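The sequence shown runs 54 to 221 under the numbering used here.
This report refers to the structure that appears directly beneath it.
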Amino acid sequence: MADNIEHDDPEYRTRGRSETRLPVLTVAAEHAKRYLAMFLILTAGGVGYKIWYEAFFQTDNALADTIHAIIISIAPIGTGAVIASAFTTELWGVALILAAALKDKLKKRREFEIAEGRAKGRAEGIEVGKAAGLEAGREEVSSKWRDWNSRRETAEAEGRTFCEPPPE
C-alpha cells in the first residue's frame, strides 16, 4: 500500500523515522490494515447509531428531515473515526516513546542519587576520619604528657633535678 507513494524527497516518506508512513494522519504502513479496520468499524457504528437514533427517537420528524439529519451527522462521525483510528493504531508507539522517556528520566535520577550518595558517603568518611584522627592525636598528646609527668614525678621523688622541657 505504501509502495505506491512516489515522492522526490525521501524524508517525506519517513519524516526522520525508520518506518514508512502513509499520508493519512501519518499512519505507519504496518498499521494500515488495523487503521482501516478501526476506521470502518467506528464509521459504521457511528452511522448505524445515528440512523437508529433518528428512526426510533426522533419520530415526529418527516422522512426528509430524518435523512437530512443522518447525512449531516456523517461528517463529524467520519472525522471522529479518522482521529480515533489514528490514535488507537499509533497508541502503542506513543506508549513506547513515553516508556523510553520515562526510563531515561528514571536512569538519570538514579545516577544522580548514586552520585549524591557517594558524595554524602565521602563527606561522612572524611568526618569520621577527622574525628578518628583528632582522637588519635589527643591520645598521642595525652600519652606524651603522661610520660613526661611520670618522669618528672620520678625525678622529684628520687631528689634529682628534672630539666626536660614539657612536650609540645
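No residue lacks a Cβ here, since even glycine has one placed at the ideal position from N, Cα and C.
Note that the coordinates shown come from a computational prediction; the quantities given were computed from them, not determined experimentally.
Checklist entry - DSSP state of glutamate 188, grouped into three classes? => result On the sequence shown, residue 188 is found 135 positions in, with the first residue counted as 1. Reduced to three states, the DSSP call for glutamate 188 is helix.
Item to check | Close-in-space but distant-in-sequence residues of the same chain around proline 219 (CB under 8 Å, 5 per side omitted) | outcome: Position 166 of the sequence shown, counted from the first residue, corresponds to residue 219. Closer than 8 Å at the Cβ level, and outside the excluded window around proline 219, lie Trp198, Trp201.
Item to check | Pair within 8 Å by beta-carbon distance, glycine 99 and isoleucine 130 | outcome: Along the sequence shown, one-based indexing puts residue 99 at 46. Along the sequence shown, one-based indexing puts residue 130 at 77. Yes, they are a contact pair.
Item to check | Cutoff 6 Å; reference aspartate 56; Cβ partners in own chain excluding five residues on either side | outcome: Translated into positions along the sequence shown, residue 56 becomes position 3. Here the model assigns aspartate 56 a pLDDT of 48, short of 50, so the residue's position is not dependable, and the following value carries that caveat. Within the same chain, no residue comes within 6 Å of aspartate 56 by CB-CB distance, once the 5 residues on both sides are set aside.
Checklist entry - If you count every other CB in all the chains shown that lies within 10 Å of the CB of tyrosine 88, and 16 or more means buried, which is it? => result What you label residue 88 is simply residue 35 of the sequence shown in a count that begins at 1. Buried is the call here.
Next on the checklist: At the level of alpha carbons, what is the spacing between methionine 54 and histidine 84?
Outcome noted: The residue you call residue 54 lines up with position 1 of the sequence shown. The residue you call residue 84 lines up with position 31 of the sequence shown. Confidence in methionine 54 is poor, its pLDDT being 44 and thus under 50, which makes the residue's placement unreliable; the coordinate value appears in the next sentence. If you take the alpha carbons of methionine 54 and histidine 84, they lie about 11 Å apart.
Next on the checklist: I need the boundaries of the alpha helix (DSSP H) containing alanine 85, first residue and last residue.
Outcome noted: Stepping through the sequence shown from its first residue, residue 85 is reached at position 32. Residues 85 to 110.
Checklist entry - Short check: CB of isoleucine 120 to CB of lysine 103, under 8 Å? => result Here the question's residue 120 lines up with position 67 in the sequence shown. Here the question's residue 103 lines up with position 50 in the sequence shown. No, Cβ-Cβ distance for isoleucine 120 and lysine 103 is not below 8 Å.
Next on the checklist: Measuring alpha carbon to alpha carbon, tell me which residue in Arg205, Asp157, Glu193, Thr141 is nearest serine 95.
Outcome noted: Taking the sequence shown and counting its residues from 1, one reaches residue 95 at position 42. This sequence places leucine at residue 95; serine is not what is there. Ranking the options by Cα distance to leucine 95, first place goes to Thr141.
Item to check | glutamate 209 beta carbon less than 8 Å from that of phenylalanine 215 | outcome: Here the question's residue 215 lines up with position 162 in the sequence shown. Here the question's residue 209 lines up with position 156 in the sequence shown. It is a contact, given that the beta carbons lie within the stated cut-off.
Checklist entry - Cβ of serine 138 within 7 Å of any heavy atom in the ligand FMN? => result Among the components of this structure there are no ligands whatsoever, and the ligand FMN is therefore not found.
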